[in-house]
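42 is the number that the working numbering gives to position 42 of the sequence shown; each next residue is one higher, with no gaps.
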Amino acid sequence: MAPGSPTLPRELEREIFELCALSRREFIPKLMLVAQRVKEWVEPLRYRTIILGGPTTITQIIGLPLFNDDIIISLRRPPTFFHTAVRYLVLFASSDMKAMLALCTKVEDLWIYDLEAALIPLIGALPLKRLSVNAARTPLPPGRMFSHLTHLNLRGIYKDAEICAFIAALPKLTHLSVSSDASILVSHNILDSSPSMCVIVVFERYGRNWSVDKAAVGELPQDVRFVVMRSRDELGDWYAGIQRGTDYWSDAETFVEKRRRGELDSRNYFWEPAT
């Protein structure tokens with residue numbers, strides 16, 4: 001660089017490159033060629049979100065690569081690299097799940113297709129803030145393992161007592177979603193016993209027609225924090241939340257606030273997309 005050329009403070013320069021990398025992940029390999037310091041800043045962001053296993057259509061849905069243990073090994077990075085880099089993790093059924101959880105120990109947001117008992121200690125050791133899980137085939141783990149959890153999506157059908165006991169042991173939980181309309185009554189019981197809960201979303205099970213009995217819902221105690229939504233593209237929605245902060249949680253929060261302010265009928269529990 002010629003004497004007198006303008007320079008940016010290193011902290012500002014790093015922030016600019018990181019913003020560029022996060023907004024367009026496909027640019028990261030090119031950004032890594034700019035300088036060694038830039039490579040050190042942006043390369044971890046390339047692996048901030050990892051999807052392990054799953055159908056190849058995932059790459060078409062949200063544009064993220066699929067990983068397996070062989071790919072991770074081929075990257076030739078020390079374990080500390082993934083410990084530092086990975087914050088968002090999706091796990092489909094794979095023999096590599098335990099290895100990945102042992103490697104990515106700073107994950108804050110986990111989406112797991114089916115919970116296996118052998119994974120519970122590894123998941124419980126993560127500093128999770130958000131968890132989406134189907135644990136219907138495995139007893140729910142002790143809620144005290146998830147002391148930092150604020151957002152929970154429980155997929156599958158559970159016994160009411162099981163859900164209530166699990167939720168009661170989560171000290172920081174503010175957002176809950178369940179995927180069975182059979183959980184409507186228990187959702188209201190949780191709201192009654194959890195004043196810190198901001199929103200509970202119940203997903204109906206079918207795409208076009210409401211499977212939830214609207215008349216039965218209307219007979220429940222009025223609570224603007226209770227929201228019923230149609231099923232959505234889970235992974236696409238999950239990744240939109242990571243990238244843009246717009247997902248079913250943000251839609252539900254907006255819906256709750258409008259009802260709280262009287263802009264919408266507080267007795268209307270059914271969220272519909274804007275037309």
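Ideal Cβ positions, reconstructed from N, Cα and C, are used throughout, including at glycine.
Only buried fits A21, as 16 or more other CB atoms lie within 10 angstroms of its CB. Put simply, of L173, R48, S179, P44 the residue whose alpha carbon is nearest the alpha carbon of L191 is L173.
Rounded to the nearest whole angstrom, the C-alpha separation of P195 and D223 is 11 Å.
The stretch 76–84 makes no contact with the stretch 127–143; the number of CB pairs closer than 8 Å stays below 3. Counting every other CB atom within 10 Å of its CB across the protein chains shown gives D247 a total of 16 or more, marking it as buried. Looking only at Y239, S250, N268, the smallest Cα-Cα distance to R48 is reached by Y239. Here I50 is bridged, per DSSP, to L89. Per DSSP, the unbroken beta strand (DSSP E) holding V178 starts and ends at 175–178.
For D237, the uninterrupted alpha helix (DSSP H) segment begins and ends at 234–244. The beta-carbon distance between V90 and I120, rounded to whole angstroms, is 18 Å. This is too long to meet the 8 Å contact definition. The three-state reading of DSSP puts R24 in coil, since its state is none of H, G, I, E or B. Per the C-alpha coordinates, the member of F255, E162, P171 positioned closest to V201 is F255.
Under DSSP, V227 shares a beta bridge with V201.
Counting C-beta atoms within 10 angstroms of its own C-beta, R260 has fewer than 16 neighbours from the protein chains shown and is therefore classed as exposed. Listed in chain order, the beta strand (DSSP E) elements of length 3 or more contained wholly in the stretch 102–177 are 109–112, 130–134, 151–155. In the DSSP assignment, F270 forms a beta bridge with V228.
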